[in-house]
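K.L.:
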Amino acid sequence: MEKIKVGVLGASGYTGADLIRLALRHPTIELTVLTANAHAGKPVKDVFRHFSHVDLPDLISIDDADWAAVDAVFCGLPHGTTQAITKQIFETHPKVKIIDMSADFRLRDPAAYKEWYGLDHIAAEIQPEAAYGLTELYRDEIEAARLIACPGCYPTAVLLSLVPLAIKDLIDATDLVIDAKSGVSGAGRGLKENTLFCEAGEGISPYAVGKHRHMAEIEQEIGKAANLEGLRVNFTPHLIPMSRGELTTSYVRMKNGASASDLKDALIDAYSGEPFVTILDGETLPQTQMVRGSNYVAMNVIPDRIPGRAIVISTLDNLVKGSAGQALQNFNLAYGMDETLGLEQLPLFP
Numbered sequence: 048m049e050k051i052k053v054g055v056l057g058a059s060g061y062t063g064a065d066l067i068r069l070a071l072r073h074p075t076i077e078l079t080v081l082t083a084n085a086h087a088g089k090p091v092k093d094v095f096r097h098f099s100h101v102d103l104p105d106l107i108s109i110d111d112a113d114w115a116a117v118d119a120v121f122c123g124l125p126h127g128t129t130q131a132i133t134k135q136i137f138e139t140h141p142k143v144k145i146i147d148m149s150a151d152f153r154l155r156d157p158a159a160y161k162e163w164y165g166l167d168h169i170a171a172e173i174q175p176e177a178a179y180g181l182t183e184l185y186r187d188e189i190e191a192a193r194l195i196a197c198p199g200c201y202p203t204a205v206l207l208s209l210v211p212l213a214i215k216d217l218i219d220a221t222d223l224v225i226d227a228k229s230g231v232s233g234a235g236r237g238l239k240e241n242t243l244f245c246e247a248g249e250g251i252s253p254y255a256v257g258k259h260r261h262m263a264e265i266e267q268e269i270g271k272a273a274n275l276e277g278l279r280v281n282f283t284p285h286l287i288p289m290s291r292g293e294l295t296t297s298y299v300r301m302k303n304g305a306s307a308s309d310l311k312d313a314l315i316d317a318y319s320g321e322p323f324v325t326i327l328d329g330e331t332l333p334q335t336q337m338v339r340g341s342n343y344v345a346m347n348v349i350p351d352r353i354p355g356r357a358i359v360i361s362t363l364d365n366l367v368k369g370s371a372g373q374a375l376q377n378f379n380l381a382y383g384m385d386e387t388l389g390l391e392q393l394p395l396f397p
């Protein structure tokens, strides 16, 4: 099988490390370029000890990367960085595919990007090419794109559970309350006081209340599904003292006489045959333990005791299906391969 040469930008972050982990088990990927500016010149095993037994290229700076040595690039860089690099690559090597795990191309409107991220969009001419990389909902666009903008972890969990319901007009998209919880790896690997062990351990902390940047993606995609402009949702994230995992609980008002059973049937219908999405039996409640270390999503719909309302719960691993795994799933689509290649890892338990 012919190898596809791949670069990973931001290889020293948690997302980059998980992408490397998954790529090493992929039968067609050859890792040729690994960048990490702060660790340039180091072997990967000096940064991540769990790669000590693996032969990998040394980490280099982005300025030293040879784009002629890659067929595809996974970008795990901070927002505001990927746009310039994408422009550079496309200008000099237009056949290279980019699977972006940052936020730089997720929002279709450049003005919305500036509003939420405080930066001018410097690659607005490329933005229309970006396919929103929510695999189960945008396969056709992803297959044809050279630029894939993978969703954030929270939007992936929320949108997979709510978009099919909004499309079928079973829920009132203007009355959504979303409670979300993520492991500490979602905050990145950089040194931050609030993620120190003594600060994050043995407690739960809300953050970015009413202003989390992932709200923009959630509103963009549910608004599109419900054909509503200017949609606003209530979304509150929380930090949980665990390394990885994410769970979202969405409180919805049903429409058109729909019941919780109708909502569940709609999700079963939407994801019938999907390799990574499971609608749980009965009233089995999703738990992060069900998906840890895997590309799987588990969800369910529970009737609320308040008439006309239901509770939709979804869980995934924020570093896999919420980031690196979904990126690899999109890579498989973009190259016409089985979506599950390199992603066969079952959840880890305990």
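Every letter in the sequence shown is one number past the one before it in this note's numbering, and letter 299, counting from 1, is 346.
We treat Cβ as the ideally placed atom computed from N, Cα and C, and that holds for glycine.
The model shown is predicted, which means the values in this text are computed figures rather than measured ones.
Buried or exposed, going by whether 16 or more other CB atoms sit within 10 Å of the CB of P284?
P.N.:
For this step, residue 284 is matched to residue 237 along the sequence shown. Looking at its Cβ environment, which holds 16 or more other Cβ atoms inside 10 Å, P284 is buried.
K.L.:
Just list the residues that DSSP pairs V53 with in beta bridges.
P.N.:
Numbered from 1 along the sequence shown, position 6 holds the residue referred to as residue 53. L78, A119.
K.L.:
Tell me which same chain residues have a C-beta within less than 8 Å of the C-beta of P43, skipping the five on either side of it?
P.N.:
Coverage of the chain is limited to positions 48 through 397, which leaves residue 43 absent and any answer about it impossible.
K.L.:
According to DSSP, which residues form a beta bridge with P350?
P.N.:
Walking along the sequence shown from the start, residue 350 turns up at place 303. DSSP lists A357 as partners of P350.
K.L.:
At what residues does the beta strand (DSSP E) containing P175 begin and finish?
P.N.:
Here residue 175 corresponds to residue number 128 of the sequence shown, with the count starting at 1. Counting along the chain, P175 falls outside any beta strand (DSSP E), and DSSP gives it neither H nor E.
K.L.:
So is E246 in contact with chain B if we call contact Cβ pairs under 9 Å?
P.N.:
Absence of chain B from the displayed structure is noted, only one protein chain being present.
K.L.:
In terms of DSSP beta bridges, what is I294 paired with?
P.N.:
The count along the sequence shown starts at 1 and reaches residue 294 at position 247. The amino acid at residue 294 is misidentified as Ile; the sequence shows Leu. Bridge partners of L294: K228, T362.
K.L.:
Does the beta-carbon distance from K144 to D113 come in below 9 Å?
P.N.:
Here residue 144 refers to the residue found at position 97 when the sequence shown is read from its first residue. Here residue 113 refers to the residue found at position 66 when the sequence shown is read from its first residue. Contact: no.
K.L.:
Short of 7 Å in beta carbon distance, which residues of its chain neighbour K92, apart from the five on each side in sequence? Order them along the chain.
P.N.:
In the sequence shown, the residue the question calls residue 92 occupies position 45. Taken in chain order, the residues that qualify are F98, S99.
K.L.:
Is G57 near Q373, with beta carbons less than 9 Å apart?
P.N.:
Translated into positions along the sequence shown, residue 57 becomes position 10. Translated into positions along the sequence shown, residue 373 becomes position 326. Their beta carbons are not under 9 Å apart, which means G57 does not touch Q373 by this criterion.
K.L.:
From which residue to which residue does the beta strand (DSSP E) around N342 run?
P.N.:
Numbered from 1 along the sequence shown, position 295 holds the residue referred to as residue 342. No beta strand (DSSP E) contains N342, which DSSP labels as neither H nor E.
K.L.:
Can the beta-carbon of S84 be found less than 9 Å from the beta-carbon of I109?
P.N.:
Position 37 of the sequence shown, counted from the start, is the residue given in the question as residue 84. Position 62 of the sequence shown, counted from the start, is the residue given in the question as residue 109. The question names Ser, but residue 84 is Asn in the sequence shown. Against a cut-off of 9 Å, the Cβ pair of I109 and N84 comes out as a contact.
K.L.:
Does the count of Cβ pairs from the stretch 356-363 and the stretch 243-253 closer than 8 Å reach three?
P.N.:
Contact fails: fewer than three Cβ-Cβ distances are below 8 Å.
K.L.:
What do you reckon, are the CB atoms on R153 and P202 nearer than 9 Å?
P.N.:
For the purposes of this step, residue 153 is taken as the residue at position 106 of the sequence shown. For the purposes of this step, residue 202 is taken as the residue at position 155 of the sequence shown. For R153 and P202, yes; Cβs fall inside 9 Å.
K.L.:
Looking at the unbroken beta strand (DSSP E) that takes in A159, where does it start and where does it end?
P.N.:
Residue 159 sits at position 112 when you count from the first residue of the sequence shown. A159 -> not in any beta strand (DSSP E); alpha helix (DSSP H) instead, spanning 157-164.
K.L.:
Let me know the alpha helix (DSSP H) ranges lying completely inside the stretch 269-330, each 4 residues or longer, listed in chain order.
P.N.:
Listed in chain order, they are 307-317.
K.L.:
Are the Cβ atoms of V55 and E77 separated by less than 9 Å?
P.N.:
If you number the sequence shown from 1, residue 55 lands on position 8. If you number the sequence shown from 1, residue 77 lands on position 30. No, Cβ-Cβ distance for V55 and E77 is not below 9 Å.
K.L.:
Could you check if T139 is buried or exposed, using at least 16 other CB atoms within 10 Å of its CB as the buried criterion?
P.N.:
For this step, residue 139 is matched to residue 92 along the sequence shown. Label assigned to T139: exposed.
K.L.:
Cβ of A371 versus every heavy atom of the ligand MN: is any distance shorter than 8 Å?
P.N.:
The ligand content of the structure shown is nil, which means the ligand MN is not present either.
K.L.:
In whole angstroms, give me the CA-to-CA distance for L217 and E240.
P.N.:
One-based indexing of the sequence shown puts residue 217 at position 170. One-based indexing of the sequence shown puts residue 240 at position 193. The alpha-carbon atoms of L217 and E240 are separated by roughly 42 Å.
K.L.:
Check whether the Cβ atoms of S229 and L286 sit closer than 9 Å, and answer yes or no.
P.N.:
If you number the sequence shown from 1, residue 229 lands on position 182. If you number the sequence shown from 1, residue 286 lands on position 239. For S229 and L286, yes; Cβs fall inside 9 Å.
K.L.:
In the DSSP assignment, the beta strand (DSSP E) including N89 goes from what residue to what residue?
P.N.:
Taking the first residue of the sequence shown as position 1, residue 89 is located at position 42. Here the sequence assigns Lys to residue 89, which means Asn is not the residue at that position. Here K89 belongs to no beta strand (DSSP E), and DSSP marks it neither H nor E.
K.L.:
Could you say if the stretch 304-316 and the stretch 230-238 meet the contact criterion of at least three C-beta pairs nearer than 8 Å?
P.N.:
No, they do not touch.
K.L.:
At 3 residues or longer, and completely inside the stretch 173-224: list those beta strand (DSSP E) runs for me, N to C.
P.N.:
For the stretch 173-224, whole beta strand (DSSP E) runs of length 3 or above, ordered along the chain, are 194-196.
K.L.:
Based on DSSP bridge pairs, tell me the residues matched to L380.
P.N.:
Residue mapping note: residue 380 aligns to position 333 of the sequence shown, counting from 1. Answer is none; L380 lacks a bridge partner.
K.L.:
Quick one: grab the DSSP three-state call for S252.
P.N.:
Within the sequence shown, numbered from 1, the residue matching residue 252 stands at position 205. Here S252 sits in strand by DSSP.
K.L.:
Distance, Cα to Cα, N347 vs T296?
P.N.:
Translated into the one-based positions of the sequence shown, residue 347 becomes position 300. Translated into the one-based positions of the sequence shown, residue 296 becomes position 249. When rounded, the distance between both Cα atoms is 10 Å.
K.L.:
Taking only three categories from DSSP, how would you classify I107?
P.N.:
In the sequence shown, counting from the first residue as 1, residue 107 sits at position 60. I107: strand per DSSP, three-state reduction.
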